[in-house]
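A.B. asks:
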Amino acid sequence: MLALTNATVITGDGRTLLARATVLAADGRITELRAGSGVPPGARVLDLDGDYLLPGFINSHVHGVTFGPLFASGAPPLAEEAIRRNLVRHLAAGTTTVLSVDGFALPEEVAEAQHLSPLTIKTSAGLTPAALTAAQAVDGAGLTERHLAASLKEQVEAGAVAIGEAGSGHTLGGGGSEYMYIPRRIKEETGVEISPAQARALKEAALGKELDPAARDEAALQAALAGAGLAGRLTPARAQALIAACVLPGLKPARRSIAEAAATARHFGLPLIAHTAPPSLAAVLAAARAGTHTIAAHTNHDSFTAGAMLAAARALKRAGAILDGATFDSFGARRTTESPANLVTLLKAGLVDLITTDYGGGFFDPLPLALKAIVGAGILPLPAAVHLLTAAPAAALPGLAPERGRIAPGYIADLTVLARADLARVRYVFIGGRQVFHPR
Ligand SMILES: [Zn+2]
Numbered sequence: 081m082l083a084l085t086n087a088t089v090i091t092g093d094g095r096t097l098l099a100r101a102t103v104l105a106a107d108g109r110i111t112e113l114r115a116g117s118g119v120p121p122g123a124r125v126l127d128l129d130g131d132y133l134l135p136g137f138i139n140s141h142v143h144g145v146t147f148g149p150l151f152a153s154g155a156p157p158l159a160e161e162a163i164r165r166n167l168v169r170h171l172a173a174g175t176t177t178v179l180s181v182d183g184f185a186l187p188e189e190v191a192e193a194q195h196l197s198p199l200t201i202k203t204s205a206g207l208t209p210a211a212l213t214a215a216q217a218v219d220g221a222g223l224t225e226r227h228l229a230a231s232l233k234e235q236v237e238a239g240a241v242a243i244g245e246a247g248s249g250h251t252l253g254g255g256g257s258e259y260m261y262i263p264r265r266i267k268e269e270t271g272v273e274i275s276p277a278q279a280r281a282l283k284e285a286a287l288g289k290e291l292d293p294a295a296r297d298e299a300a301l302q303a304a305l306a307g308a309g310l311a312g313r314l315t316p317a318r319a320q321a322l323i324a325a326c327v328l329p330g331l332k333p334a335r336r337s338i339a340e341a342a343a344t345a346r347h348f349g350l351p352l353i354a355h356t357a358p359p360s361l362a363a364v365l366a367a368a369r370a371g372t373h374t375i376a377a378h379t380n381h382d383s384f385t386a387g388a389m390l391a392a393a394r395a396l397k398r399a400g401a402i403l404d405g406a407t408f409d410s411f412g413a414r415r416t417t418e419s420p421a422n423l424v425t426l427l428k429a430g431l432v433d434l435i436t437t438d439y440g441g442g443f444f445d446p447l448p449l450a451l452k453a454i455v456g457a458g459i460l461p462l463p464a465a466v467h468l469l470t471a472a473p474a475a476a477l478p479g480l481a482p483e484r485g486r487i488a489p490g491y492i493a494d495l496t497v498l499a500r501a502d503l504a505r506v507r508y509v510f511i512g513g514r515q516v517f518h519p520r
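If you want it as structure tokens, here you go:
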């Protein structure tokens, strides 16, 4: 029997915070939540001295945590060391369940990753014809014969809990093209390394926000080339051609893949996780309106202006979609996302149903850092913010974390302890009642 005593318990229901409470666990499950600090004899007692005890975080939109093709662009898998590093970062952030939404990984590639970490790793299924076409249009280098021959049904039968990520920043000319494909192509051509922000400036000058070559803004393109240290190395016409080749071929099949994934999700009775950004919004809305159980991924995508995002979020909500707000790297590294402004706006409008990290070019925020910022700024009370990271994703994705996401008798003892003096500091993580993390 494990007894976590003198805890400030946040149960995950969105409201409840109990000071000086005790949680008992045995055989991997929570057996009792009691007021006060009394513990049964013989228990292994951990006195938390007022620290916060909450359900382990359930992060329902991550990338780069399994073997197999990376992202909806079917890029080559990360090296084992990088996969391990991503898993450790999630665990050290108090996360106990992750949902990989790369989509093309085969069951054995997910199982292989599961050997690397005590985290519960679940996966989504994405092997649809249009998704494979979109991947091959922009990359596809991680797709083997086996991936091309495998079926989505196989992924579902092996335990995939959602369909997706349908569309992506990599295939729809979004963030993935800005931190990955455009910088890579520019470097091949010129030897110059550019940042995601510089890639975005070049892309928007070359193709406009609607990704249309006719929208090329000559003055802005000259300025973006100069800003990226490319003046004299790349003509505006050549720059536009390179960027167009990275971005345009994926658009049509990626948009088509959203409708296809929606029909697949309805067929299997699974939730659809759909990339939400200006180029995909119409397709995501159509999916939700057709009655698909739709999770609109990163509704706060920073390619939306605040006004367009709020209008999109309200329309999606009316259509029955569940709205995901992503931190990306907006509270911490800020390498791919400049600020959390859109997420804050969406939270303040009461339009966020669950919070995830997404990938942020590998710089994804630790969730407690986001939690601390959101609660510290008075945007949400702590129990409401914890709900968005625990019971809310468990409810939105029924196969993802059954019997998890709450502190209540009978639930699996996936638990995270955050320091009362500093919410961003993770003190312990338990999975199935077993301590799996404690910082040195
Ligand atoms: Zn996405």
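The opening residue of the sequence shown carries number 81 in the numbering used here; numbering runs sequentially from there.
From the three backbone atoms N, C-alpha and C, an ideal C-beta is built for every residue, glycine too.
The structure presented is a predicted model; accordingly, all values stated were derived computationally and were not measured.
If I measure Cβ to Cβ from A155 and keep anything under 6 Å in the same chain, skipping five residues before and after, which residues do I get?
C.D. replies: As a position in the sequence shown, residue 155 is number 75, starting the count at 1. So the qualifying residues of the chain are D219 and G222.
A.B. asks: For the region 307–316 and the region 352–360, state whether three or more C-beta atom pairs, one from each stretch, are separated by less than 8 Å.
C.D. replies: Not touching, per the Cβ criterion.
A.B. asks: Quick one: which unbroken beta strand (DSSP E) runs of 3-plus residues sit fully inside the region 85–112? Chain order, please.
C.D. replies: Correct list: 97–106.
A.B. asks: Taking Cβ positions, are A342 and A246 nearer each other than 9 Å?
C.D. replies: In the sequence shown, residue 342 corresponds to position 262, counting from 1. In the sequence shown, residue 246 corresponds to position 166, counting from 1. Yes, they are a contact pair.
A.B. asks: Where are the beta strand (DSSP E) runs, 3 residues long or more, that stay fully inside the region 168–215, in chain order?
C.D. replies: For the region 168–215, whole beta strand (DSSP E) runs of length 3 or above, ordered along the chain, are 175–180 and 200–205.
A.B. asks: Tell me the DSSP bridge mates of A277?
C.D. replies: Sequence index remark: in the sequence shown, residue 277 carries index 197 (1-based). In DSSP, A277 forms no bridge with anything.
A.B. asks: Of the choices G456, V455, P489 and L447, whose alpha-carbon is the least far from that of T470?
C.D. replies: On the sequence shown, position 390 is the one that residue 470 refers to. Here the closest residue by C-alpha is L447.
A.B. asks: Between the beta-carbon of G249 and the beta-carbon of G206, is there less than 9 Å?
C.D. replies: For the purposes of this step, residue 249 is taken as residue 169 along the sequence shown, with counting starting at 1. For the purposes of this step, residue 206 is taken as residue 126 along the sequence shown, with counting starting at 1. Not in contact: G249 and G206 (Cβ atoms no closer than 9 Å).
A.B. asks: Could you check how far apart the C-beta atoms of I323 and L282 are, in whole angstroms? I think they sit under 8 Å.
C.D. replies: Counting from 1 along the sequence shown, the entry for residue 323 is found at position 243. Counting from 1 along the sequence shown, the entry for residue 282 is found at position 202. With 8 Å as the limit, I323 and L282 qualify as a contact, their Cβ atoms being about 6 Å apart.
A.B. asks: Look at the alpha carbon of L150 and the alpha carbon of D433, and state the distance between them as a whole number of angstroms.
C.D. replies: Your numbering for residue 150 matches position 70 in the sequence shown. Your numbering for residue 433 matches position 353 in the sequence shown. Each residue's alpha carbon lies about 26 Å from the other.
A.B. asks: R514 lies in the beta strand (DSSP E); which residues open and close that run?
C.D. replies: Against the sequence shown, residue 514 aligns to sequence position 434. Taken as a continuous stretch (DSSP letters only), the beta strand (DSSP E) holding R514 covers R514 to F517.
A.B. asks: Do the CB positions of P519 and R507 come within less than 9 Å of each other?
C.D. replies: In the sequence shown, counting from the first residue as 1, residue 519 sits at position 439. In the sequence shown, counting from the first residue as 1, residue 507 sits at position 427. Closer than 9 Å, so yes.
A.B. asks: Hey, could you find the ends of the beta strand (DSSP E) I435 is sitting in?
C.D. replies: If you number the sequence shown from 1, residue 435 lands on position 355. Run containing I435: L434 to T436, per the beta strand (DSSP E) assignment.
A.B. asks: Taking 8 Å as the cut-off, does the CB of A377 come closer than this to any heavy atom belonging to ligand 1?
C.D. replies: Stepping through the sequence shown from its first residue, residue 377 is reached at position 297. Checking the Cβ of A377 against ligand 1 gives yes.
A.B. asks: So, A105 versus T111, is the Cβ gap smaller than 9 Å?
C.D. replies: Position 25 of the sequence shown, counting from 1, holds the residue named residue 105. Position 31 of the sequence shown, counting from 1, holds the residue named residue 111. Yes, Cβ-Cβ distance for A105 and T111 is below 9 Å.
A.B. asks: The alpha helix (DSSP H) that contains P329, what's its start and end?
C.D. replies: Translated into positions along the sequence shown, residue 329 becomes position 249. It spans P316 to F348 - the alpha helix (DSSP H) in which P329 sits, taken as one unbroken run.
A.B. asks: Three-state secondary structure (DSSP) at P263?
C.D. replies: By one-based count along the sequence shown, residue 263 stands at place 183. Helix at P263.
A.B. asks: Near L451, what residues of its chain come up, given a Cβ to Cβ distance below 6 Å and the 5 sequence neighbours on each side ignored?
C.D. replies: For the purposes of this step, residue 451 is identified with residue 371 of the sequence shown, where counting begins at 1. A465 and L503.
A.B. asks: In this structure, what does DSSP give as the bridge partners for D127?
C.D. replies: Taking the first residue of the sequence shown as position 1, residue 127 is located at position 47. According to DSSP, D127 bridges with T85.
A.B. asks: Apart from the five residues on each side of it in sequence, which residues of its chain come closer than 6 Å, Cβ to Cβ, to R114?
C.D. replies: As a first step, residue 114 must be located in the sequence shown, where it is residue number 34. Around R114: T102.
A.B. asks: Please determine whether the Cβ atom of G440 lies at a distance below 8 Å from any heavy atom of ligand 1.
C.D. replies: Residue numbering aside, residue 440 sits at position 360 when the sequence shown is read from its first letter. The answer is no for G440.
A.B. asks: Any contact of the region 471–481 with the region 122–141, i.e. 3+ C-beta pairs under 8 Å?
C.D. replies: These segments touch.
A.B. asks: Roughly how many angstroms lie between the CA atoms of L350 and V241, to the nearest whole one?
C.D. replies: Translated into positions along the sequence shown, residue 350 becomes position 270. Translated into positions along the sequence shown, residue 241 becomes position 161. Taking the straight line from one Cα to the other gives about 7 Å.
A.B. asks: Since T496 and G130 should fall inside the 8 Å C-beta cutoff, what is the C-beta to C-beta distance between them, to a whole number of angstroms?
C.D. replies: Within the sequence shown, the letter at position 416 stands for residue 496. Within the sequence shown, the letter at position 50 stands for residue 130. Their Cβ separation, rounded to whole angstroms, is 15 Å, which puts T496 and G130 out of contact at 8 Å.
A.B. asks: Please report the straight-line C-alpha distance between L427 and I459, rounded to a whole angstrom.
C.D. replies: As a working note, residue 427 is residue 347 in the sequence shown. As a working note, residue 459 is residue 379 in the sequence shown. C-alpha separation (whole angstroms): 7 Å.
A.B. asks: Quick one, which of V119, Q194 and A83 has its alpha-carbon nearest D107's?
C.D. replies: For this step, residue 107 is matched to residue 27 along the sequence shown. Ranking the options by Cα distance to D107, first place goes to A83.
A.B. asks: Measuring from the CB of G247, is there a heavy atom of ligand 1 at a distance below 8 Å?
C.D. replies: As a first step, residue 247 is located in the sequence shown; it is residue number 167 there, counting from the start. Yes.
A.B. asks: Quick check on this structure: which residue in E234, L291, T251 and A306 has the alpha carbon closest to the alpha carbon of F348?
C.D. replies: Mapped onto the sequence shown, residue 348 falls at position 268. Of the candidates E234, L291, T251 and A306, the one whose C-alpha sits nearest the C-alpha of F348 is E234.
A.B. asks: To the nearest angstrom, report how far apart M260 and A429 are at their CA atoms.
C.D. replies: As a position in the sequence shown, residue 260 is number 180, starting the count at 1. As a position in the sequence shown, residue 429 is number 349, starting the count at 1. If you take the alpha carbons of M260 and A429, they lie about 32 Å apart.
A.B. asks: Are the region 413–420 and the region 435–446 touching, with three or more C-beta to C-beta distances below 8 Å?
C.D. replies: These segments touch.
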